[in-house]
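I have placed the structure first, in the form of structure tokens, so that the comments after it can refer back to it.
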Amino acid sequence: MATSNEAVLPLVISSQSNYDRVEELKAFDETKAGVKGLVDAGLAKVPRIFIRPPNEVNPMSDIDLTDFRIPVIDLQGTHQKIVNEIENASENWGFFQVVNHGVPLSVLEEMIKACYYIGQCFV
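In structure tokens:
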């Protein structure tokens, strides 16, 4: 399994004149390094294999998302209201933010660190 920086970097450096997206995608997949391999290699710019050509971009992407709001569930509301909000957010969004849950910030921060550590263990 090639996961070294050398195996990842060449596929993002090829010149524009001989660019073949399909070949670069295959080469990237064969490295088995994934996006983490690119980050670990010090890449600071999104490789063009991840950028869709303008003719392939979904026209829905032109929609103005400035009014985008993630559903927020306040656990200090009434039980039935909370249940309805969770049901609605789950069905329509697939995720939501919970506030007033009573979990201390320090516990949340430690949980995030643990999740990051666990994620690193499987890479």
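The numbering of the sequence shown is our numbering, which starts it at 42 and goes up by one.
Ideal placement from N, C-alpha and C gives every residue a C-beta, glycine not left out.
Let me know the secondary structure DSSP gives residue i once reduced to three states.
i    : result
P94  : coil
I159 : helix
P51  : With a pLDDT of 49 at P51, under the threshold of 50, the modelled position of that residue is not reliable, and the figure given next carries that caveat. Three-state DSSP puts P51 in a helix.
S45  : Because the pLDDT of S45 is 46, which lies under 50, any placement of that residue in the model is unreliable, and the number read from its coordinates should be weighed accordingly. Here S45 sits in coil by DSSP.
V164 : For V164, the predicted model reports a pLDDT of 49, less than 50, meaning its position is unreliable; a value from the coordinates is still stated below. Note: V164 maps to coil in three-state DSSP.
When the distance is taken between beta carbons, is residue j closer than 7 angstroms to residue i?
i    : j    : result
P145 : A130 : no
L66  : I90  : yes
E126 : I114 : yes
Of the choices the options, whose alpha-carbon is the least far from that of residue i?
i    : options                  : result
N141 : T119, A74 and I92        : T119
P94  : V63, G135, Q161 and I153 : V63
The ligand SAM and residue i: does the residue's C-beta get closer than 6 angstroms to at least one heavy atom of that ligand?
i   : result
A85 : Absence of the ligand SAM is noted for the structure shown, with no ligands found whatsoever.
Length-filtered (4 minimum) alpha helix (DSSP H) runs lying within the stretch 59 to 92: 62 to 72 and 75 to 81
Runs of beta strand (DSSP E) wholly within the stretch 113 to 154 (minimum 3 residues, chain order): 113 to 115 and 138 to 140
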